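**Q** Got a structure for you, questions after.
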Amino acid sequence: MAKVYFYYAAMNAGKSTVLLQSSYNYRERGLRTLLFTPAIDTRFGSGRIESRIGLSSGAIPVAAGDDLLRRIRQEHTAAPVACVLVDEVQFLTREQVWQLSDVADALDIPVLCYGLRTDFRGNLFPGSAALLGLADDLTELKTICHCGRKATMNLRVDAQGRGVREGAQVEIGGNDRYIAMCRRHFKAALAGESVPLRAAPVPGHSAAPFPPQG
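Under our numbering, read the sequence shown as residues 1 to 214, first letter to last.
Here it is in structure tokens:
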């Protein structure tokens, strides 16, 4: 029986890189994959997944009211689907996560989900909370805080680089708005203590698009 997998991490742990590599591994063997990304995430354009190291691919944008089981069933009927992969899964609704579990159970298609576990306050996202209860397999992808410890928290910062406590749960952004930190330094930043907020840029990376979705 197919399973639902949830790969979770703080910001900048390489979740999208792992997703794109997993999809490539299937497609390299002639197997069809479907990639999904929330429609609200337009950092790289609508319906695109892009990693920090330059890998990219087209994806199907998902709006809040979309029925994922219905869409994937239609795609699977038209041409067999070997695997479904979902980026930024924390932005999906609880109902959509249940639909993904139906994809595994009713269609026997493995579903690989990638996303954040918690928001900038340390609270679970609805999509992530549902996956923590439903997924067959939970895997933490690790990244590090500036201090060298494992980063588990996502600090939201303002234009001056100060930690933010208030605001909407969903605010799309990258390194300009969020920083992965260990819990200790996350608390310190929210308390107003001075902590390093920016990582050194990594030169020499340019976009390396994957083949278009088939």
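All residues carry an ideal CB built from backbone N, CA and C; glycine is no exception. Since the structure is predicted, the reported quantities are computational estimates derived from the model, not experimental observations.
Measuring CB to CB, does Ala59 end up less than 7 Å from Leu141?
**A** Sequence index remark: in the sequence shown, residue 59 carries index 59 (1-based). Sequence index remark: in the sequence shown, residue 141 carries index 141 (1-based). No, the Cβ-Cβ distance between Ala59 and Leu141 is not below 7 Å.
**Q** Using C-beta distances below 7 Å, list every residue in its chain close to Asp108, excluding the 5 sequence neighbours before and after it, in chain order.
**A** Mapped onto the sequence shown, residue 108 falls at position 108. Contacts found: Met1, Ala2.
**Q** Would you grab the beta carbon distance between Arg184 and Arg156 for me? Rounded to a whole angstrom, and I think it's under 8 Å.
**A** As a working mapping, residue 184 is identified with position 184 in the sequence shown. As a working mapping, residue 156 is identified with position 156 in the sequence shown. In fact, because the Cβ distance is near 17 Å, the residues do not count as touching under 8 Å.
**Q** Using a Cβ-Cβ cutoff of less than 7 Å, which residues in the same chain neighbour Arg149 once the five nearest sequence positions on both sides are dropped?
**A** For the purposes of this step, residue 149 is taken as the residue at position 149 of the sequence shown. Scanning its chain for C-beta atoms nearer than 7 Å, with the 5 sequence neighbours on each side dropped, one finds around Arg149 the residues Cys182, in chain order.
**Q** Does Ser57 come out as helix, strand or coil in the three-state DSSP assignment?
**A** Here the question's residue 57 lines up with position 57 in the sequence shown. Looking at Ser57 - three-state DSSP - the assignment turns out to be strand.
**Q** In angstroms, rounded to a whole number, what distance separates the CA positions of Pro80 and Ile72?
**A** One-based indexing of the sequence shown puts residue 80 at position 80. One-based indexing of the sequence shown puts residue 72 at position 72. Answer to the nearest angstrom: the Cα atoms are 10 Å apart.
**Q** Might you give, ordered along the chain, the residues of its own chain that have their beta carbon closer than 8 Å to the beta carbon of Phe91, omitting 5 neighbours on each side?
**A** The residue you call residue 91 lines up with position 91 of the sequence shown. Only Pro38, Ile40, Asp41, Gly115, Phe125, Gly127, Val170 meet the Cβ criterion.
**Q** Can you give the Cα-Cα distance for Asp137 and Leu100, rounded to whole angstroms?
**A** Counted from its first residue, the sequence shown places residue 137 at position 137. Counted from its first residue, the sequence shown places residue 100 at position 100. The straight-line gap from Cα to Cα measures roughly 14 Å.
**Q** Buried or exposed for Pro201, going by 16 or more other Cβ atoms inside 10 Å?
**A** Locating residue 201 in the sequence shown gives position 201, where the first residue counts as 1. At Pro201 the pLDDT is 48, less than 50, meaning the model places this residue with poor confidence and gives no usable figure here.
**Q** Between Leu19 and Met11, what straight-line distance do the alpha-carbon atoms span, to the nearest angstrom?
**A** In the sequence shown, residue 19 corresponds to position 19, counting from 1. In the sequence shown, residue 11 corresponds to position 11, counting from 1. Using only the alpha carbons, I get a separation of about 15 Å.
**Q** What do you get for Gln96, buried or exposed, if any count of 16 or more other CB atoms within 10 angstroms of its CB means buried?
**A** In the sequence shown, residue 96 corresponds to position 96, counting from 1. Gln96 should be labelled buried.
**Q** Enumerated in chain order, which unbroken segments of the beta strand (DSSP E) with a length of 3 residues or greater are wholly contained in the segment 92 to 126?
**A** 111 to 116
**Q** Please return the same chain residues whose Cβ sits closer than 8 Å to the Cβ of Thr143, not counting the five positions on each side in sequence.
**A** Here residue 143 refers to the residue found at position 143 when the sequence shown is read from its first residue. If we look at Thr143 and ignore the five residues flanking it on each side, its Cβ neighbours are Ala9, Ala10, Met11, Asn12, Ala13, Gly14, Lys150, Ala151, Ala180.
**Q** Rounded to the nearest angstrom, what separates Ser270 and Ser57 at their Cα positions?
**A** The chain is shown from 1 up to 214; residue 270 falls before or after that span and cannot be answered.
**Q** Can you give me the C-alpha to C-alpha distance between Val86 and Leu35, rounded to a whole angstrom?
**A** Working through the sequence shown from its first residue, we reach residue 86 at position 86. Working through the sequence shown from its first residue, we reach residue 35 at position 35. In a straight line, the C-alpha of Val86 is about 6 Å away from that of Leu35.
**Q** Does DSSP put Lys15 in a helix, in a strand, or in coil?
**A** Mapped onto the sequence shown, residue 15 falls at position 15. DSSP places Lys15 in helix when its eight states are reduced to three.
**Q** Between Cys145 and the rest of its own chain, which residues show a CB-CB distance below 6 Å, the 5 nearest in sequence each way excluded?
**A** Translated into positions along the sequence shown, residue 145 becomes position 145. So the qualifying residues of the chain are Ala151, Met181, Cys182, His185.
**Q** Taking the alpha carbon of Met153 as the point to measure from, which residue in Tyr24, Lys187, Thr33 has its own alpha carbon closest?
**A** As a working note, residue 153 is residue 153 in the sequence shown. Nearest C-alpha to Met153: Lys187.
**Q** DSSP three-state call for Thr77: helix, strand or coil?
**A** Here residue 77 corresponds to residue number 77 of the sequence shown, with the count starting at 1. In the structure shown, Thr77 sits in a helix (DSSP, three-state: H, G or I).
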